[in-house]
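Q: Below is a structure I'd like to ask you about.
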Amino acid sequence: MADTKPVNLMDKIVALCKRRGFVFQSSEIYGGINGFWDYGPMGAELKRNVRDAWWNDTVRRRTDVVGIDGTIITHPKVWEASGHVTSFSDPMVDCKKCKGRWRADQLPETKCPEGGPHDYTEARQFNLMFESHAGPVKDDSNKVYLRPETAQVIFVQFQNVLSVSRQKIPFGIAQIGKAFRNEINPRNFTFRSREFEQMELEFFIKPGTDADWHQKWVAERLKWYETIGLPKEKLSIYEYKKEELAHYASACVDVMFAFPFGVQELEGIAARGNFDLSQHEKFSGKSMMYFDDETKEKYIPHVVEPSAGVDRICLALICAAYTEEEIAPGDTRIVMKFAPRIAPVKVAVFPLLRNKPPLVEKARQVFDLLQPHFTTEWDDRGNIGKRYRYQDEQGTPWCVTVDFDTLGEKGPELLDTVTLRDRDTMKQDRVKIADLVSLISQKLRS
Ligand code: GAP
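Laid out in structure tokens, this is it:
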């Protein structure tokens with residue numbers, strides 16, 4: 309395996325993301341817009357697979373979690389109650405000479421383009437929430453915010469969900485959706501964006517059980533990252549010290565990933581006490597009490613909150629998958645070694661030659677057979693070798709080729725067989741078309 313140096317690895321990954329349609333700069337034809345990214349055909353599939361894996365494992369395969377899908381814009385009081393209006397801010401400084409603007413804790417290492425060092429103003433707090441107005445009148449009474457996290461929408465609907473879902477404490481409410489933060493310095497590709505997506509779980513518990521549930525969720529979430537194919541050795545946790553915790557939190561652990569630009573957070577898992585529900589009770593005047601019919605106890609539930617970022621997970625998967633292999637002197641193949649479960653396309657189907665109708669017709673039949681079961685791609689451009697390389701760069705785990713043997717030209721024993729090529733070993737096995745669905749399904753499960 310070729311030695312890829314961390315200094316230029318990110319550039320290569322960004323180039324591949326554009327070349328193979330994982331990530332494009334938003335509004336690229338207009339010069340782009342800082343902190344916003346679009347996902348291309350492969351990125352959209354990857355992102356969907358990440359969301360589906362999380363939703364299936366966190367909601368559908370559990371009996372103690374239900375999901376919701378709330379709005380991006382809420383009543384503005386939600387953000388007063390949560391504390392975001394007053395304190396969701398970063399310290400910001402300007403350079404008086406070049407008018408550049410930075411987070412005070414992330415100052416640039418470069419010199420001022422106007423000459424000499426930058427001449428910074430005093431740091432002042434900059435609120436990260438995007439503002440807008442609901443309705444035609446743009447005054448303060450109509451001011452709304454784009455949600456900076458999905459979590460608050462869950463707290464606000466706690467009583468409604470409790471009353472319809474037949475759940476009892478302990479239970480969780482999960483949500484996947486967009487969040488917006490007007491980050492002062494978006495950076496590291498999609499890692500810190502202004503528009504991103506979160507997968508958040510608020511797991512409501514009995515007061516006093518916080519430490520147990522927090523530990524359980526940290527273990528559960530760490531394990532989950534391995535199930536989507538992130539290597540164990542690139543994952544770690546960061547445990548907050550007492551003095552780093554918010555005043556209402558009893559514990560917080562970040563799941564970290566070793567990106568080429570450093571070890572950074574993928575997900576935070578916080579034990580937040582009953583801060584959020586209590587605040588919404590105070591600001592709305594509506595009770596957030598829970599009544600336990602068995603023990604007759606009444607309390608505002610505490611919460612453990614695993615909160616993950618879809619875009620960061622996709623970036624971690626892309627970085628972990630990126631591999632350069634020298635397969636012959638001077639011949640390096642780039643291959644995205646995604647876990648099959650998460651790979652954007654599971655199988656590609658090729659006719660050996662595009663100008664031989666019997667091959668194309670048979671390959672179409674194979675494509676039609678596979679497509680209802682797997683995300684399947686058709687490719688008849690260029691030669692077979694180029695098609696394999698193309699699929700390797702997209703991370704497609706298996707390629708099926710229909711050749712003259714499939715048509716029985718070398719004898720009846722090979723009739724209706726195809727080659728099944730493995731992305732990682734590059735080995736090709738001859739298999740029966742009739743066995744393809746069960747064989748690929750089996751491989752996907754293993
Ligand atoms: N409700 C808790 C909460 O929002 P957070 O640590 O601010 O906690 C949770 O965010 C996760 O959301 C982060 O671990 C990260 O994966 C993702 N995230 C936060 N800010 C982001 C940004 N600017 N760009 C991309 N992802 C972000």
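Heads up, the sequence shown is in this note's numbering, so the first residue is 309 and it goes up one at a time. Where a beta carbon is used, it is the ideal one built from N, C-alpha and C, also for glycine. None of these values were measured; they are calculated from a predicted model.
The alpha helix (DSSP H) with residue 631 in it runs from where to where?
A: Taken as a continuous stretch (DSSP letters only), residue 631 belongs to no alpha helix (DSSP H), being part of the beta strand (DSSP E) at 630-636.
Q: If contacts are defined as beta-carbon pairs under 8 Å, then residue 612 and residue 513 qualify, I think. What distance do you get, rounded to the angstrom?
A: That pair is a contact at about 6 Å.
Q: Hey, out of 493, 589 and 445, whose CA is closest to residue 463's CA?
A: Nearest of 493, 589 and 445 to residue 463, Cα basis: 589.
Q: Based on Cα-Cα distance, which residue from 594, 593 and 608 lies nearest to residue 600?
A: Of 594, 593 and 608, the residue nearest in Cα terms is 608.
Q: According to DSSP, is residue 315 part of a helix, a strand, or is it coil?
A: Residue placement at residue 315 cannot be trusted, given a pLDDT of 47 that sits under 50; the coordinates are not used to answer.
Q: Can you tell me where the beta strand (DSSP E) holding residue 336 begins and where it ends?
A: Neither: residue 336 is in no beta strand (DSSP E) and is coded neither H nor E.
Q: Which whole-angstrom value is the C-beta distance of residue 394 and residue 461, which I expect to be below 8 Å?
A: Between residue 461 and residue 394 the Cβ distance is about 19 Å, and since that is not below 8 Å, they are no contact.
Q: Give the straight-line distance between the Cα atoms of residue 363 and residue 370, rounded to the nearest whole angstrom.
A: About 10 Å.
Q: Tell me the rounded alpha-carbon separation between residue 401 and residue 432.
A: Whole-angstrom Cα-Cα distance: 7 Å.
Q: Less than 6 Å between C-beta atoms, sequence neighbours within five positions excluded: which residues of the same chain meet that for residue 567?
A: Answer for residue 567: 627, listed in chain order.
Q: Quick check: residue 685 and residue 647, are their CB atoms within less than 8 Å of each other?
A: No; because the gap between Cβ atoms is not below 8 Å, this pair is not in contact.
Q: Count the other CB atoms within 10 Å of the CB of residue 571; is the residue buried (16 or more) or exposed (fewer)?
A: Counting Cβ neighbours within 10 Å, residue 571 comes out exposed, since fewer than 16 surround it.
Q: Within its chain, find whatever has a CB closer than 7 Å to the CB of residue 459; leave out the 5 residues flanking it on each side and keep chain order.
A: Contacts found: 508, 510, 613 and 615.
Q: Is there a Cβ from chain D that is less than 8 Å from the Cβ of residue 557?
A: Looking for chain D here will not work: only one protein chain is present.
Q: Can you find at least 3 beta carbon pairs, one from the segment 318-334 and one from the segment 343-351, that sit closer than 8 Å?
A: With a cut-off of 8 Å, the segment 343-351 and the segment 318-334 count as touching, because enough Cβ pairs lie within range.
Q: Could you check what DSSP says for residue 678 in three-state terms: helix, strand or coil?
A: Of the three classes helix, strand and coil, the one that applies to residue 678 here is helix, per DSSP.
Q: Relative to the C-alpha of residue 633, which residue among 644, 673, 534 and 623 is closest?
A: Ranking 644, 673, 534 and 623 by Cα distance to residue 633 puts 644 first.
Q: On the criterion of 16 or more Cβ atoms from any shown chain inside 10 Å, does residue 582 qualify as buried, or is it exposed?
A: Per the 10 Å Cβ criterion, buried.
Q: Decide yes or no for the touch test of the segment 467-476 against the segment 531-546: beta carbon pairs closer than 8 Å, at least 3 of them.
A: Short answer: they don't touch.
Q: Is residue 697 buried or exposed, if buried means 16 or more other CB atoms sit within 10 Å of its CB?
A: Under this definition residue 697 is an exposed residue.
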